[in-house]
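Visitor:
Numbering (my numbering), first residue to last: 8 to 343.
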């Protein structure tokens, strides 16, 4: 492609996505092209992403470095300006065809910054570590942004086994996520589910130290925070919620029914969180059932640990949902 560019080939347009706030979005009809370009280069520059044409952009840079005359050539650029990150993801999923396919996770990372910015705006994380921010999870409610992106995918696909090498050339995966986006399922249901997970993770992590007089649990689950330290637990929780609320793929519930179910889940989960807030460290420790959890997840073949744990946590959290979050201890879920 570099040689073709040097020879003056005509490239398809490069598509730039820009996510802006609601007020600025409403004023766009009043703006002229010059002022829009100035805004994109200035105050909106932090939310600019290449959503179509990453390879062409790289080739253009390489060609320009090798031959300065390339800089005199014109390049067609399309700007997609929106107040909703999901609109850009929809554009990327549905309209990017005929290219060398990327895996889904990499595609989403193209709009990584605005997506994470939107999540940070809508979800009350304790901390969210982005690509530019190194950090280690030491409290409940703290996550790596890339792990949260994976829960975003899990919600759209409604399954725990997400092959990160799976590509958007896969018609079913692309359309499942696109359907969730086009029907506002992410906005109406994913964000509330994710917020519940953060709140539950935070309250379970109140038990940071081993209470005196209680025997230490062996294994990797020794404190409350360890439950959602595990990415399989996060994926399992989101998938269990998404299937309960939306139904299985191919058996989708109508929106009014889904709305009733998510409202019920939010109410029941918040009731449980309120009860856990009142418990002493000793009572909370007994509620967690960490000894049973460690026992149930031990002895798996190393190659199958991830798959087994995701399925295990999906099943466990489904029990919690089915029981309206009204269980004496989480042992009920771990043994289910």
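Think of the CB as a built atom: it goes at the ideal place given N, C-alpha and C, for glycine as much as any other residue.
(1) Once DSSP output is grouped into helix, strand and coil, what is the label at residue 256?
(2) Check whether the Cβ atoms of residue 70 and residue 123 lie closer than 8 Å to each other.
(3) In three-state DSSP terms, what is residue 24?
(4) In the region 234 to 322, which residue ranges form an unbroken alpha helix (DSSP H) of at least 4 residues, counting only runs that do not cross its ends?
(5) Are the beta-carbon atoms belonging to residue 323 and residue 306 less than 8 Å from one another?
(6) Between the Cα of residue 87 and the Cα atoms of 59, 280 and 64, which residue gives the shortest distance?
(7) Quick check on DSSP: helix, strand or coil for residue 225?
(8) Alpha carbon to alpha carbon, how far is residue 76 from residue 151? Give it in angstroms, no decimals.
(9) Please classify residue 56: does DSSP put it in a helix, a strand, or coil?
(10) Is the beta carbon of residue 204 sitting closer than 8 Å to the one on residue 241?
(11) Taking the C-alpha atoms as reference points, what is the distance between residue 229 and residue 258?
(12) Does the Cβ of residue 264 lie closer than 7 Å to at least one heavy atom of the ligand SAH?
(13) Within a Cβ cutoff of 7 Å, which residues of the same chain sit near residue 168, ignoring the five residues on either side of it in sequence?
(14) To the nearest angstrom, report how far apart residue 253 and residue 247 are at their CA atoms.
(15) Is the separation between the beta-carbon of residue 90 and that of residue 28 shorter than 8 Å?
(16) Please identify the residue among 312, 47, 193 and 15 whose C-alpha is closest to the C-alpha of residue 32.
(17) Are the Cβ atoms of residue 54 and residue 25 separated by less than 8 Å?
(18) Taking C-beta to C-beta, are residue 291 and residue 283 nearer than 8 Å?
(19) Excluding the 5 residues preceding and the 5 following residue 224 in the sequence, name in chain order all residues of the same chain whose CB lies nearer than 7 Å to its CB.
(20) Could you spell out where the alpha helix (DSSP H) holding residue 201 opens and where it closes?
(21) What does the alpha-carbon distance come out to for the pair residue 227 and residue 274?
(22) Which residue or residues does DSSP assign as beta-bridge partners of residue 149?
(23) On the CB-based measure, 16 or more other CB atoms within 10 Å of its CB, does residue 239 come out buried or exposed?
(24) Between residue 221 and residue 52, what straight-line distance do the alpha-carbon atoms span, to the nearest angstrom?
Guide: The short version:
(1) Along the chain shown, read from residue 1 onward, the residue named residue 256 stands at position 249. If DSSP states are grouped into helix, strand and coil, residue 256 belongs with coil.
(2) By 1-based counting over the chain shown, the position of residue 70 is 63. By 1-based counting over the chain shown, the position of residue 123 is 116. No, these two residues do not count as a Cβ contact at 8 Å.
(3) One-based indexing of the chain shown puts residue 24 at position 17. In this structure, DSSP gives residue 24 an extended state, which the three-state scheme calls strand.
(4) Listed in chain order, they are 238 to 253, 262 to 285, 288 to 295 and 297 to 303.
(5) Looking up residue 323 in the chain shown gives position 316. Looking up residue 306 in the chain shown gives position 299. Here residue 323 is not near residue 306, since their CB atoms are 8 Å or more apart.
(6) Your numbering for residue 87 matches position 80 in the chain shown. Taking only the C-alpha atoms, the option nearest residue 87 is 59.
(7) If you number the chain shown from 1, residue 225 lands on position 218. Because residue 225 carries a pLDDT of 49, less than 50, the predicted location of this residue cannot be relied on, and the following value inherits that uncertainty. Correct three-state label for residue 225: coil.
(8) Along the chain shown, read from residue 1 onward, the residue named residue 151 stands at position 144. Along the chain shown, read from residue 1 onward, the residue named residue 76 stands at position 69. Each residue's alpha carbon lies about 43 Å from the other.
(9) Here residue 56 refers to the residue found at position 49 when the chain shown is read from its first residue. The answer is strand: DSSP assigns residue 56 an E or B state.
(10) Locating residue 204 in the chain shown gives position 197, counting from the first residue. Locating residue 241 in the chain shown gives position 234, counting from the first residue. Yes, the Cβ-Cβ distance between residue 204 and residue 241 is below 8 Å.
(11) Stepping through the chain shown from its first residue, residue 229 is reached at position 222. Stepping through the chain shown from its first residue, residue 258 is reached at position 251. Answer to the nearest angstrom: the Cα atoms are 39 Å apart.
(12) The ligand SAH is absent from the structure shown, which contains no ligands of any kind.
(13) Walking along the chain shown from the start, residue 168 turns up at place 161. These residues qualify, in order along the chain: 314 and 317.
(14) Taking the chain shown and counting its residues from 1, one reaches residue 253 at position 246. Taking the chain shown and counting its residues from 1, one reaches residue 247 at position 240. Answer to the nearest angstrom: the Cα atoms are 10 Å apart.
(15) The residue given as residue 90 occupies position 83 in the chain shown. The residue given as residue 28 occupies position 21 in the chain shown. For the 8 Å CB-CB criterion, residue 90 and residue 28 form a contact.
(16) As a first step, residue 32 is located in the chain shown; it is residue number 25 there, counting from the start. Cα-wise, what sits closest to residue 32 is 47.
(17) Residue 54 sits at position 47 when you count from the first residue of the chain shown. Residue 25 sits at position 18 when you count from the first residue of the chain shown. Taking 8 Å as the Cβ cut-off, residue 54 and residue 25 qualify as a contacting pair.
(18) Counting from 1 along the chain shown, the entry for residue 291 is found at position 284. Counting from 1 along the chain shown, the entry for residue 283 is found at position 276. Taking 8 Å as the Cβ cut-off, residue 291 and residue 283 qualify as a contacting pair.
(19) Within the chain shown, numbered from 1, the residue matching residue 224 stands at position 217. Residue confidence for residue 224 is low, a pLDDT of 49 falling below 50, so the modelled location carries little weight and cannot support an answer.
(20) As a working mapping, residue 201 is identified with position 194 in the chain shown. Start and end: 198 to 211.
(21) The residue given as residue 227 occupies position 220 in the chain shown. The residue given as residue 274 occupies position 267 in the chain shown. Roughly 31 Å separates the two Cα atoms.
(22) Position 142 of the chain shown, counting from 1, holds the residue named residue 149. Answer is 134, bridged to residue 149.
(23) As a position in the chain shown, residue 239 is number 232, starting the count at 1. Residue 239 is classed as buried because its beta carbon has at least 16 other beta carbons within 10 Å across all chains shown.
(24) Residue 221 sits at position 214 when you count from the first residue of the chain shown. Residue 52 sits at position 45 when you count from the first residue of the chain shown. Note that residue 221 scores 47 on pLDDT, short of 50, meaning its location in the model is unreliable; the coordinates nonetheless yield the value given after this. Cα to Cα, the separation comes out at about 54 Å.
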